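Heads up, the thing below is written out as structure tokens.
Residue numbers (the numbering used here): 111 to 620.
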């Protein structure tokens, strides 16, 4: 798979350190403390101002600084060490996948998600689903899986939360320039942007493709903010999880249908299609349409072929947390598909019918369930809850036999473990400890971990956390015209402190 991207523009780096751009344009930096320190040392002010964005550090550092750095032995050593680490990682031929795969030459897994939490400098996520998606991508890279991901490029992403003097949340949106983010435009052999087109309601909508490099794997992001598109269509990707249902269904058509077409345009034929939550479920309809028009299969035959290599992960434990659209809205956005592409309208509506409403509601989760043969919740308990929640779809089966399994969520360990705890782990268990995280024998050694040293490191990080919380609270108080000095009297490192983050959401059973 050879994907071309536009050359890096707008960076004037000395020849001896020009590959700083390679480090900045791969989110591998997000789980490599040494690379983060390298960019922080280049320009500490820009590092903090631009939310730890290496690309923005390079763009906002004067040439005089780079001229000085290329003569610094210390900096050059750190630079070459970081590059060597990246190159070894990217070019490693033996990975977990090559050791354990039955078919190491299989076509890639295609992973679809509405959000990706890769790093704080890349605001294309809102919470747990995005963080999980980001961790899946990083872990797939570490394991050497044949893996590509598909998502949307949002103009404003998710909002920044501010709290006013009465404790109310304010949503502050920031418009981002894609060229300030660590992503690059995908082009063909002639250097022209690769684009896909889909019809939404009565208008064609074009999308170009951006690539985010995450270690060894790629995420392809669709962008409709193009002058060729109608102003209303350019706004489809304005904000993540738009509250307006009309915009929301257009986003999900772009993700599912546009995403499937993007992979086809890039010459990628997945062996497995994985829908992380139901937002991308329209991709199943696009694949059915392709099979009906290209192979002459009936709707039901094409549906079986599509489901056979489709995986669906559901996350929400209550009906209210699953996207639903009024049948009339689906008809409005899809009516060209009924006539032009031969999709049988009533059969499609039947695929989105659940047991909670009349036929006037179209459920994306039910559509995803019915277009996949492999379905899972995100913990053993959630799997049990999901089997009860969707039992009506299999009324002939006992609840315990409803075909929804469970795969418990994990995390990408290097992203979330403090660097000095990683160092302590390496000293205790060996430099290759990350290779043994799924080995039961490794976990039996945990009692050998030096508890006193661990607790000292823990306390240092707790002090740093409290310092950061105080700093943010002072900024919040001053913004609201409140006295900030008293904050120093709160939050003590030696006291057990329990914090509540974000909000209590009804769809999470709060």
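The C-beta atom is built at its ideal place from N, Cα and C for all residues, glycine as well.
All values derive from a computational prediction rather than experimental measurement.
Three-state class that DSSP yields for residue i in the structure shown
i           : result
residue 590 : coil
residue 157 : helix
residue 314 : strand
residue 271 : strand
residue 282 : strand
residue 482 : coil
residue 338 : coil
residue 134 : helix
residue 353 : coil
residue 437 : helix
residue 330 : strand
residue 163 : coil
residue 321 : strand
residue 473 : strand
residue 129 : coil
residue 610 : coil
residue 425 : coil
residue 262 : strand
residue 562 : helix
residue 295 : strand
residue 382 : strand
residue 308 : strand
residue 303 : strand
Nearest-angstrom beta carbon gap, residue j and residue i [assumed within contact, 8 Å]
i           : j           : result
residue 258 : residue 173 : With a Cβ gap of about 37 Å, residue 258 and residue 173 do not count as contacting.
residue 144 : residue 239 : Not really, about 30 Å apart at Cβ, beyond 8 Å.
residue 345 : residue 333 : The Cβ separation is near 12 Å, so there is no contact.
residue 505 : residue 485 : Actually they are not in contact, since the Cβ atoms of residue 505 and residue 485 sit about 17 Å apart, beyond 8 Å.
residue 433 : residue 389 : 7 Å
residue 594 : residue 602 : Actually they are not in contact, since the Cβ atoms of residue 594 and residue 602 sit about 18 Å apart, beyond 8 Å.
residue 359 : residue 440 : 7 Å
residue 308 : residue 398 : Between residue 398 and residue 308 the Cβ distance is about 15 Å, and since that is not below 8 Å, they are no contact.
residue 580 : residue 597 : 5 Å
residue 121 : residue 152 : Between residue 152 and residue 121 the Cβ distance is about 13 Å, and since that is not below 8 Å, they are no contact.
Pairwise C-alpha distance: residue j and residue i
i           : j           : result
residue 195 : residue 416 : 40 Å
residue 535 : residue 557 : 12 Å
residue 216 : residue 383 : 13 Å
residue 577 : residue 600 : 11 Å
residue 192 : residue 229 : 18 Å
residue 462 : residue 418 : 18 Å
residue 445 : residue 362 : 16 Å
residue 254 : residue 379 : 18 Å
residue 286 : residue 442 : 31 Å
residue 365 : residue 406 : 26 Å
residue 156 : residue 167 : 5 Å
residue 136 : residue 225 : 18 Å
residue 162 : residue 251 : 22 Å
residue 370 : residue 482 : 16 Å
residue 241 : residue 395 : 27 Å
residue 491 : residue 185 : 50 Å
residue 471 : residue 435 : 6 Å
residue 587 : residue 282 : 17 Å
residue 221 : residue 605 : 43 Å
residue 134 : residue 455 : 47 Å
residue 223 : residue 233 : 14 Å
residue 572 : residue 247 : 29 Å
residue 460 : residue 447 : 16 Å
residue 374 : residue 219 : 14 Å
residue 480 : residue 521 : 28 Å
residue 118 : residue 126 : 17 Å
residue 565 : residue 335 : 50 Å
residue 202 : residue 289 : 30 Å
Closest Cα partner of residue i within the set the options
i           : options               : result
residue 293 : 432, 441 and 164      : 164
residue 271 : 236, 303 and 212      : 236
residue 113 : 322, 198, 155 and 284 : 322
residue 262 : 566, 249 and 330      : 330
residue 409 : 187, 365 and 458      : 458
residue 280 : 290, 289 and 269      : 269
residue 510 : 574, 500, 274 and 543 : 500
residue 278 : 483, 243, 147 and 590 : 590
residue 115 : 273, 276 and 304      : 304
residue 284 : 267, 455, 151 and 207 : 267
residue 325 : 249, 453 and 310      : 249
residue 478 : 555, 428, 400 and 420 : 420
residue 428 : 381, 473 and 495      : 495
residue 404 : 159, 452, 175 and 422 : 452
residue 169 : 138, 149 and 188      : 149
Any C-beta of chain D under 9 Å from that of residue i
i           : result
residue 487 : The chain inventory of the structure shown lacks chain D, comprising one protein chain alone.
Query raised in the report: Of all the alpha helix (DSSP H) runs that stay within the bounds of the segment 387-417, which reach a length of 4 or more residues?
Result: Qualifying alpha helix (DSSP H) stretches, in chain order: 392-405.
Q.
Could you tell me which whole alpha helix (DSSP H) segments of length 4 or greater appear in the segment 175-259?
A. Complete alpha helix (DSSP H) runs here, min 4: 183-201, 206-210 and 238-253.
inquiry  = So within the segment 485-551, which uninterrupted alpha helix (DSSP H) runs reach at least 4 residues, ignoring any that extend past its ends?
reply    = The segment 485-551 contains these whole alpha helix (DSSP H) runs: 490-499, 523-526 and 529-539.
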